[in-house]
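Quick note on our numbering: the sequence shown kicks off at 1337 and runs consecutively. Backbone N, C-alpha and C fix where the C-beta goes; we use that ideal spot for every residue, glycine too. Nothing here was measured: the structure is a model prediction, and the numbers come from that model.
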Amino acid sequence: MTLSTTGQSPLVNSTPTRIRNLGHLRRGDSVEARMDNAVQYRGRVDRTAPGVGLVWIRDDADGSRRAISTQDCTVWRLPDQQA
1337 MTLSTTGQSP LVNSTPTRIR NLGHLRRGDS VEARMDNAVQ YRGRVDRTAP
1387 GVGLVWIRDD ADGSRRAIST QDCTVWRLPD QQA
């Protein structure tokens, strides 16, 4: 298998993926919350409540816990950052 110049397999998705079903998220997933396609928050999933359209994240900016509603924002899973 050849690696790209970033050191990742070319088969690894390097673009954010929109999450329409919060049940597909797992604790620790890196996500962005966007409103009108502008990033409002970025962080790691702490907890989800798919039935009511909520995901709680630990904000990368200040470490605070934020509740994100899919009524207000779109949620995007970020690709894993390989060291």
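Since residue i contacts residue j with CB under 8 Å, what's their CB separation in whole angstroms?
{"i": "Val-1411", "j": "Val-1391", "result": "6 Å"}
{"i": "Val-1367", "j": "Leu-1361", "result": "7 Å"}
{"i": "Asp-1382", "j": "Arg-1363", "result": "7 Å"}
Name the two residues that bound the continuous beta strand (DSSP E) containing residue i.
{"i": "Gly-1379", "result": "1374 to 1385"}
{"i": "Thr-1410", "result": "1410 to 1413"}
{"i": "Leu-1361", "result": "Unbroken run through Leu-1361: none, as it is neither H nor E."}
{"i": "Ser-1405", "result": "1401 to 1405"}
Can you check DSSP and say which residues form a bridge with residue i?
{"i": "Thr-1353", "result": "Arg-1413"}
{"i": "Asp-1395", "result": "Gly-1379"}
For residue i, count neighbouring C-beta atoms within 10 Å of its own C-beta (all shown protein chains included) and say buried if the count is 16 or more, exposed if not.
{"i": "Gly-1399", "result": "exposed"}
{"i": "Val-1375", "result": "exposed"}
{"i": "Asp-1408", "result": "exposed"}
{"i": "Thr-1384", "result": "buried"}
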